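As structure tokens, the structure follows; a few thoughts come after it.
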Amino acid sequence: MKKILAVLWTLSVGTTTTISVVACTPIEPKNVIVEIENNVAKPTSDIFKAWVAASQSFNEILAKGGKTNVKVEVVEAPQGDIKKKMYSNEALPNIFVSYADDVTFYETQLGNERVVDMRKILNWDGKWIDELQKKAGIDSSTTNTQKTAASGSSLDIKQYEQLKEYRNNATQGNSATYGKGINDIYVDLGITPEIVGAETLFSEQYRPLTYSFISEGMGRDGKMYVAPTGKSLNYGMANKRLIAEIVYKATDGELDLTSPVQYPLLNNTENPDELWVTNDLVTGEALIPKMGEVFGPNTEEQLAATSIANELVPNVIDQSTQKSINLYSNQNIKELIKKWFAPAKSIRNDDGRVEGITSGQSIQNIFADADKTLVLLTAYQNIGAKLGWNFFNSDKNQGANESTLANPHGQMFSYSIDDAAGYFYGSDRNTNGNILEFQSEDPNDKKTLVSWSAENPDEALDLHINDQTGKDSVSNGLNFFEYMNAVAKYNGKDEHYGGLKNKGYGSDYLQKGTMLATSGSSAGAKYAVKNREYQKISENNYKIKSLSDAYQIVADDVMPIASPGFYREPDGTEVKDQTRRQFGLQQGPGAAMFKSYDQTKQNISIAFLNYFTSSRNLSEFSRKAGYISSAYYSYYEKAVNESDQPKLLTPGTAKISYDKDKVLGDSDGQYYQNFEVAILSQTKNGDYVAKTPINADKYIKQIVDGIIQAETNESANEILEEANLTQLEKDIRGDQGILYSQIPSPYGNGIRFNVIRDFVNTWYNTQVFAEQENRNKENSMTWEAFMFWGTNSKYNKFKTTARAVNPRTKIIYESEIRKNKGVQK
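Numbering (my numbering), first residue to last: 275 to 1099.
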């Protein structure tokens, strides 16, 4: 496999060497300080407010304990505040919200012990770690890691090895706890199970919903730089109403995705798939998406006006390879869409392949495929062009309404990429199905990051960049941009009217109903959909009210989609099986800690973080902040007996306190119990609006259920060996539904914003589209743009970024090694 980034995260190596020397220990504030820099969350944000709410409830517990007058205080700070304090020898915060790659930099300055290994301070679920041991095949009767006959994979063993030492943190102390077990810390603070709100500290231990929630914050040696709190995922969101309209108009009315007669499997209202067909939270009725009318009414007259029956997929050439970017170039758009969206006669063909539409997942698979997605986006642009809409004019066309949002007669975009770095990582991961690779000194010796970390725990901080063999990886993302520029040309403002939007967020346009799909963070889902409105018929009897805007969408109208990738068989031909990977790239900051010189403050910090990461509190925090809770018991009921297995909680059972001033009060349930809960609030016109404890309820639950399904292997219900599939098709099927995170993750704030984003934006905005009509090797998106990593002057910014994380970094380029065995210093 070929990758662009090598070992960006090998920068996160633990070291005991300190770079800074300070004259004396600064005086710490009285309270325990939780610092949130405003580039992570501003004081007005839901995230900041949720941290404040958690600290206030914990302070009440401390006060009832009565053994300290120290409190937890959440403070805002400007971006870079911790670095400033570190260099000026000011007191550092006890806890801070950050990304792991930022924390590794602090470690290079302050030393290994000052930057706390978060494995040491969490009260881990011992039974879960025992399960990891069993899965790894480690014999518990031995003192070493002797494997049993039924040994686990190398990853299973690695996971157990990373946590085994911390299984008994509740009773055994370590350097971060000043030698005290966590239970003894509670005693010292006067915290007892009888204190209201404190019972969760004694009745529950921390277990992540999926291991990647904790591994994302780990360095290569297993040190956990940040503890998981709430998580967001880089997923896409597709507008089901507009999908149906595009398919209907592109096929001249031959395919109607909203028809139960034509699509009985897709539109099954007796057993909804909860992707395409969903149950309304208030009325309980099964809702088949309504077809959109963005491009006019779905009449015979309008079908004739919008027909693209004779139009072909543009043949956009990748100047780097002189090959067509799209696999279906020069083929008829209508016939392709008819083939992909044809009603399936059965779940599987005789050869075991999936073709046609059986459920919402079939449509997800189409949107996970970049070639197919680009054809649909081309259809979108061409249909609008048939109506004479000027997509390339920054001013709204005549007749447009006065809305400041997108409207069907003015500024419109078919697709939005809100986070280019997340899209690049996600699309490449979905296509290749493996973690990032890097190039060692031997050009023929490729190793994965995990294997390299295990084999070289004490190796110096050498950063290997596969700037030559990694070109294909970045091409996966850049080719999407290049194709879209050819279809809907760049207007000089990061935007392509009728095509791609890559500046700001696409949520406003999606909510208006005129955008086909977006790619971005799940935390932004609440901005992309409106709440459903109802009319009251009688007591406890309501009916759905039609939206005042015919194009607008609600949570039932969208579904999650993965970042699309270009799927190819080894010989470059089509992957015939419809199934595609649906990985979601996880992201979001976590909680990190500097060890306090004051033992009482250190105790309070540890107690607060265990309180904060309890399932109930993470449920409340995540619900308010728009995140997904990382705690296992936010989704599962803890087993009463040791021999029992935890049971999945039931959605819709949370008790919500109603406050007319706040509209939404605090939930009395776990995170998963907050799904499928609707709270009706009367509006000024007498109708009712349904708000949900979890924003974009249906959409987020679809993502969460995918994670749970993958963790429980409920989707692994087919014997791949018996299907007549290619090896690649089998690999894709076997990889379905797994949440993605690097181990260790290269997707921290520094790498995402200082490397990938700068590269994409600089090249995309200035180099590529400066000469629209003269696209050649010099201004093509993909033509040697990758020399950013090597000889291009922009690479100096990358080198600066790498050394900001660790000043001792040595950068080694594959191109230099191949050329003269030299090393870039």
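Backbone N, C-alpha and C fix where the C-beta goes; we use that ideal spot for every residue, glycine too.
All of these numbers come straight from a predicted model, not from anything done at the bench.
Task: Classification of G673 by the beta-carbon crowding that lies within 10 angstroms, buried from 16 upward - done: Its pLDDT being 38, under 50, G673 is placed unreliably in this model, and the coordinates cannot settle the point.
- [ ] Indicate whether G634 and Y697 have their beta-carbon atoms separated by less than 8 Å.
- [x] no
TODO: Please confirm whether any heavy atom of the ligand NAD lies closer than 7 Å to the CB of I640.
DONE: No copy of the ligand NAD occurs in the structure displayed, which carries no ligand at all.
- [ ] Decide if Q1154 is buried, meaning its Cβ has at least 16 other Cβ atoms within 10 Å, or exposed.
- [x] The question about residue 1154 has no answer here: the residues shown for the chain are numbered 275 through 1099.
TODO: Report the residue from T924, D851 and N508 whose alpha carbon sits nearest the alpha carbon of Y699.
DONE: N508
Open item on the list: Given this structure, state the Cα-to-Cα distance separating T1000 from D645, to the nearest angstrom.
Closed with: 19 Å
- [ ] Assuming I827 contacts V803 (C-beta within less than 8 Å), just tell me the rounded distance between them.
- [x] 6 Å
Task: Neighbourhood of A791 by C-beta, 7 Å cutoff - its chain only, sequence neighbours within 5 removed - done: G510, M511, A512, N513, F641, Y689 and I835
Open item on the list: Going by C-alpha to C-alpha distance, which of L561, S533 and L549 sits closest to T543?
Closed with: L561
Task: Bridge partners - S598, DSSP secondary structure assignment - done: I591
TODO: Please specify which runs of the beta strand (DSSP E), each continuous and at least 3 residues long, are wholly inside the region 942-996, giving them in chain order.
DONE: 953-956 and 962-965
Open item on the list: Quick check on the DSSP output: the alpha helix (DSSP H) that includes S533 runs from which residue to which?
Closed with: Here S533 belongs to no alpha helix (DSSP H), and DSSP marks it neither H nor E.
TODO: Could you tell me the boundaries of the alpha helix (DSSP H) in which Q479 lies?
DONE: Note, Q479: premise wrong, no alpha helix (DSSP H); not H, not E.
TODO: Output the residue ranges of the alpha helix (DSSP H) runs that lie fully inside the region 880-923 and measure 4 residues or longer, sorted by chain position.
DONE: 889-899
TODO: Give the DSSP-derived three-state secondary structure of W402 in the structure shown.
DONE: helix
Open item on the list: Based on DSSP bridge pairs, tell me the residues matched to E347.
Closed with: I307
Task: CB contact flag (F895, T503, <8 Å) - done: yes
- [ ] Could you please give me the residues that DSSP links to Y808 through a beta bridge?
- [x] I818 and Y962
Open item on the list: Between K323, E311, D320 and K619, which has its C-alpha nearest K358's C-alpha?
Closed with: E311
Task: Alpha-carbon to alpha-carbon, G496 and A905 - done: 20 Å
Open item on the list: If you follow the alpha helix (DSSP H) that A328 is in, where does it begin and where does it stop?
Closed with: D320 to G339
Task: Pairwise C-alpha distance: A970 and V832 - done: 9 Å
Task: Where G634 sits in the DSSP three-state scheme - done: helix
Task: Contact set for E599: own chain, Cβ-Cβ below 6 Å, skip 5 residues either direction - done: Correcting the residue identity first, residue 599 is Ile in this sequence and not Glu. These residues qualify, in order along the chain: V590, D592, N753 and Y757.
Task: Backbone CA spacing between I465 and N891 [nearest angstrom] - done: 17 Å
TODO: May I ask you to report which of helix, strand or coil DSSP gives G1008?
DONE: helix
Open item on the list: Which residue wins for smallest C-alpha separation from G471, given the options E334, Q685 and N815?
Closed with: E334
- [ ] Count the other CB atoms, across all protein chains shown, that sit within 10 Å of the CB of D845; report buried if there are 16 or more and exposed otherwise.
- [x] exposed
Open item on the list: Tell me the rounded alpha-carbon separation between N884 and V306.
Closed with: 15 Å
TODO: Determine, using beta-carbon pairs with one atom in the region 654-664 and one in the region 572-581, whether at least three such pairs fall under 8 Å.
DONE: yes
- [ ] Could you name the residues that DSSP lists as bridge partners for G510?
- [x] S793 and I835
Open item on the list: Within 8 Å, do at least three Cβ pairs link the region 525-536 to the region 474-494?
Closed with: no
Task: Neighbourhood of R481 by C-beta, 6 Å cutoff - its chain only, sequence neighbours within 5 removed - done: D399, W402 and Y906
TODO: Please classify Q576: does DSSP put it in a helix, a strand, or coil?
DONE: helix
- [ ] Determine the extent of the alpha helix (DSSP H) in which I488 is found, giving its start and end residues.
- [x] S486 to S489
Task: DSSP-derived helix/strand/coil call for S603 - done: coil
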